[in-house]
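Numbers given in the numbering used here equal positions in the sequence shown, counted from 1, plus 39. For each residue, glycine too, the CB sits at the ideal point set by N, CA and C. Structure record follows, encoded as C-alpha cells.
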Amino acid sequence: FIEHFSGHCHDAALYAMPHYITTTYPNFQSCCEASFARDTCFAMEVVDDDDGTTPAPVPETWAPTYFPTGTVYYVEHFSGMCVDSAEVPMPHYVQSNRTKHFQ
Numbered sequence: 040f041i042e043h044f045s046g047h048c049h050d051a052a053l054y055a056m057p058h059y060i061t062t063t064y065p066n067f068q069s070c071c072e073a074s075f076a077r078d079t080c081f082a083m084e085v086v087d088d089d090d091g092t093t094p095a096p097v098p099e100t101w102a103p104t105y106f107p108t109g110t111v112y113y114v115e116h117f118s119g120m121c122v123d124s125a126e127v128p129m130p131h132y133v134q135s136n137r138t139k140h141f142q
C-alpha cells in the first residue's frame, strides 16, 4: 500500500495498513509506479542480497524483570509500528492506561 504522507510503499504483512487505505498492489514495483513520489519510492526499495548462508543463532540473554519499568509502548500513527515512549515521545493525542482516567 502507499503511505499517503510520504508516497512510499509498505508491505501490509510488515506494517499495519490504516483503515482508510483501500488500494493495494501485488508488488513493490507496481505500487511505486502508482505513487505520487515515484522516484523516492523506488529509492526506498530493499534489495535482497542474501548469499544463501544462514547466520549463526545469537544466544538469548533477555531475562524478565518482574517489576514495572515505567516504559509505555504505543502504536506510532504514521508507521503503524509499536514504539517505546522512552525513545519516541508519546504525542499528546495518544492515551495509555497510565494517562487515561477511567470512570
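Going by DSSP, residue 70 is part of no beta strand (DSSP E) but of the alpha helix (DSSP H) stretching over 67-73.
By the Cβ-count criterion, residue 42 is buried, with 16 or more other Cβ atoms from all chains shown falling within 10 Å of its own Cβ.
Taking 7 Å as the cut-off, the Cβ atoms of residue 74 and residue 46 count as close. Here residue 78 carries a helix assignment [DSSP, helix/strand/coil].
Sequence-distant partners of residue 77 (beyond 5 residues in either direction) whose C-beta falls short of 7 Å from its own C-beta, in its chain, are 71. Between the alpha carbons of residue 58 and residue 117 lies a distance of about 12 Å. In the assembly as shown, residue 121 is an exposed residue. Its beta-carbon has fewer than 16 other beta-carbons within 10 Å.
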